[in-house]
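Per the numbering used here, the sequence shown starts with residue 78, numbered consecutively. Heads up, the beta-carbon is just placed ideally off N, CA and C, and yes, glycines get one too. Read through the structure below, which is laid out as C-alpha cells, and then see the notes.
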Amino acid sequence: MIVLAILIVSCNKDDNSNNQGIVIKGSIPQGTRKSAVSNTDGSVSLTDAKKVLVFSKYYYKLYDITDGSFSVSGQIGTGVALIFLDADNKYIGNLSSQGLNMLPLGNLTNGDNTQIDLSTLTLVGNSVIPSHDPLGNEIIISETEINSLKSISTYYQSIAKNIDADNDGIPDVLSNKQLVVSSIFARHSGHWGHDNTPPVINNESNCFINYSLEIQGGSGLTFSNENIVLSGPADNPYNDITTWGSRINPGDGSGFISTYCIQSQAPDGAPWGTAFLPFRQGTYTLTLDGTKSFTLDYSNIDAKYNLVIIAPTLHTNSEGKLTSITFEYKLPDGTVINPASMLTNVMVQCTDSQMHQFYNSPHLNAGSDFSVITMDTPVDISSLNGIDVWYDDLLGNQYNIIWR
Numbered sequence: 078m079i080v081l082a083i084l085i086v087s088c089n090k091d092d093n094s095n096n097q098g099i100v101i102k103g104s105i106p107q108g109t110r111k112s113a114v115s116n117t118d119g120s121v122s123l124t125d126a127k128k129v130l131v132f133s134k135y136y137y138k139l140y141d142i143t144d145g146s147f148s149v150s151g152q153i154g155t156g157v158a159l160i161f162l163d164a165d166n167k168y169i170g171n172l173s174s175q176g177l178n179m180l181p182l183g184n185l186t187n188g189d190n191t192q193i194d195l196s197t198l199t200l201v202g203n204s205v206i207p208s209h210d211p212l213g214n215e216i217i218i219s220e221t222e223i224n225s226l227k228s229i230s231t232y233y234q235s236i237a238k239n240i241d242a243d244n245d246g247i248p249d250v251l252s253n254k255q256l257v258v259s260s261i262f263a264r265h266s267g268h269w270g271h272d273n274t275p276p277v278i279n280n281e282s283n284c285f286i287n288y289s290l291e292i293q294g295g296s297g298l299t300f301s302n303e304n305i306v307l308s309g310p311a312d313n314p315y316n317d318i319t320t321w322g323s324r325i326n327p328g329d330g331s332g333f334i335s336t337y338c339i340q341s342q343a344p345d346g347a348p349w350g351t352a353f354l355p356f357r358q359g360t361y362t363l364t365l366d367g368t369k370s371f372t373l374d375y376s377n378i379d380a381k382y383n384l385v386i387i388a389p390t391l392h393t394n395s396e397g398k399l400t401s402i403t404f405e406y407k408l409p410d411g412t413v414i415n416p417a418s419m420l421t422n423v424m425v426q427c428t429d430s431q432m433h434q435f436y437n438s439p440h441l442n443a444g445s446d447f448s449v450i451t452m453d454t455p456v457d458i459s460s461l462n463g464i465d466v467w468y469d470d471l472l473g474n475q476y477n478i479i480w481r
C-alpha cells in the first residue's frame, strides 16, 4: 500500500512548468594556456567544451557555448547540475562549488528573478570550478545544509554517466529518450501533533525505512504489455528484483514511470509487514519489450544524508474538524533547517485504518510558504489513522515521512 501511494504521488507531481527560469551564466577563458583549464592528467580541456547540459530530475536542456560564454536557465525550487560536453557530446566535467555538484535553487536572494554569474570557470579533475561562488551569495544556504547535500554528490556523478544510456554516442535527451533513476524512502517517524500537543518523533534506534527505486523515461520511450525488466548490478546481480508498478504516459510529459523493490522479512518491531531493502550501487540494465536495452549507473544514496523530518501538527476547530496543518523541518539530529534549501515540494495524505485516502493536500513548493496548509473547508478526521507527509529532495528522490 505504501508503494501504491508512491505511484499515485509520482503521477501527479508539479512539473514546475509555470516557474520562471533562473539565469545562470559563465565563461571559459579562450586565450588561457591549455594547462590552466585542463584536468589533472591533461587529457581533457575545458576549452574543448561546446555545450552545457542543464538538468534536474524534471528538466533537461542542452545549450551551446559561444565564444567561450554561455547563458542557461534553471528552475527555481530544484537542484540543477551543469554538465560540460565537447563537440562530440563527450563528458568533460560538471559544475562544482564547495564540493557540491549541483546548484540548489531553492532559497534565492531575489526569488525567481535571481541571476547567477559564475564568472570564469576552471577545470580541476572533472570538477568545473567557478571563480564566483553562488553558495552564500545568490543562493542562501547554511554550511550545515551544504554539508548535508554534499554527502550525496555521487548522485550527479552517476547521472553524468547516464546521459547516453542507450550507448549510441548521443545524449538521450536530444531524442526525448532520457532515463532518470531515483530513490524512494518511506520512514516511520512517530505520532503527529494535535493542537497544543507537539509531535512525538521516534529516535534513531526506532527508525524503520523502506526503500524503492524509480525509473522515469522520456516521452520518446515506451513499452507494451508491461514488458519492462530491470536487472543488475553488473558485478553482483540480484535474482529477486520485483517490478512493483509501472505506468505508461503518466501525465507529466514522461513516457513511463516504473517502480522496483527488493522484498525481505520485516525486522522485529517494524510498523509494516514487509521490508524493502536498499538497492546496491552499480550498473543496472533496463530492457524494454525484450529487445531495447539501456545501461544505468545507480548511486545508492543513504536516506540519512538528505533526510528531513517534517513533523506535522494538526489544528482543529470547535467541532474537531481539521482546519490547518503546520510543519517543523529538522535533520535527524534535531537541527532546524530551511526547507527551501533542501527540498522542492511537500504534500500530505490522510488515511483511515484501511489505508483509504480521504484527504490529499495541495503541494507546497518554492513559490509558497512551506510552513502551513490551510483547508478551504474543514476536514472530518474522526477516522484518521495515519498521515503521510511526502516531499521531493532537490535531486528528485522521494520521501514519505509516515506518522501513525
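How about residue i: is its Cβ closer than 7 Å to a heavy atom in the ligand ATP?
i: M424; result: Inclusion of the ligand ATP in the displayed structure is not the case, the ligand content being empty and no account of it being possible.
When the Cα atoms are used, what is the spatial distance from residue i to residue j?
i: L182; j: G473; result: 13 Å
i: V129; j: A352; result: 41 Å
i: V449; j: I193; result: 30 Å
i: D374; j: L307; result: 12 Å
i: N287; j: P344; result: 11 Å
i: Y476; j: T155; result: 15 Å
i: L180; j: S395; result: 46 Å
i: I216; j: N184; result: 6 Å
i: D272; j: S459; result: 15 Å
i: D125; j: H440; result: 42 Å
i: T428; j: I464; result: 6 Å
i: Y406; j: N442; result: 14 Å
i: H209; j: S196; result: 6 Å
i: G309; j: F300; result: 20 Å
i: S219; j: G213; result: 7 Å
i: R264; j: S122; result: 44 Å
i: T320; j: D312; result: 21 Å
i: N302; j: G359; result: 28 Å
i: N415; j: G330; result: 30 Å
i: L159; j: V131; result: 5 Å
i: Y399; j: D453; result: The displayed chain sequence assigns Leu, not Tyr, to residue 399. Their Cα atoms are separated by approximately 10 Å.
i: D317; j: T403; result: 41 Å
i: H268; j: Y136; result: 36 Å
Put residue i into one of helix, strand or coil per three-state DSSP.
i: K369; result: strand
i: S400; result: A small fix is needed here, since residue 400 is Thr in this sequence, not Ser. DSSP places T400 in strand when its eight states are reduced to three.
i: D410; result: coil
i: K138; result: strand
i: N437; result: strand
i: P275; result: coil
i: T124; result: helix
i: G270; result: strand
i: A158; result: strand
i: G473; result: coil
i: A417; result: helix
i: N442; result: strand
i: G98; result: strand
i: G488; result: Examination of residue 488 is not possible in this model, given that the chain is present from 78 through 481 alone.
i: G183; result: coil
i: G145; result: coil
i: D189; result: helix
i: N383; result: helix
i: N65; result: Within the shown structure, residues of the chain are numbered from 78 to 481, placing residue 65 beyond reach of any answer.
i: N283; result: helix
Count the other CB atoms, across all protein chains shown, that sit within 10 Å of the CB of residue i; report buried if there are 16 or more and exposed otherwise.
i: S259; result: buried
i: D457; result: exposed
i: V257; result: buried
i: L81; result: Note on L81: pLDDT 30, under 50, position unreliable in the model; no value is reported.
i: N462; result: exposed
i: S430; result: exposed
i: F103; result: Going by the sequence as given, residue 103 is Gly instead of Phe. Buried, by the Cβ-count rule.
i: N239; result: buried
i: S146; result: exposed
i: P389; result: buried
i: S341; result: exposed
i: P211; result: buried
i: D241; result: buried
i: Q107; result: exposed
i: N224; result: exposed
i: D470; result: buried
Using a Cβ-Cβ cut-off of 8 Å, state whether residue i counts as contacting chain C.
i: F300; result: Included in the structure is just one protein chain, with no chain C present.
What are the start and end residues of each continuous beta strand (DSSP E) run of 3 or more residues lying completely inside the stretch 288-352, in chain order? 305-308, 319-325, 333-338 and 340-342
Complete runs of the beta strand (DSSP E) confined to the stretch 201-259 [at least 3 residues]: 204-207
Please determine if the stretch 236-251 and the stretch 416-436 are in contact, where contact requires at least 3 C-beta pairs separated by less than 8 Å. no
Using 8 Å as the threshold, is the stretch 323-340 in touch with the stretch 284-299, meaning 3 or more CB pairs across them? yes
Closer than 8 Å is the cut-off here; do at least three beta carbon pairs connect the stretch 204-220 with the stretch 164-175? yes
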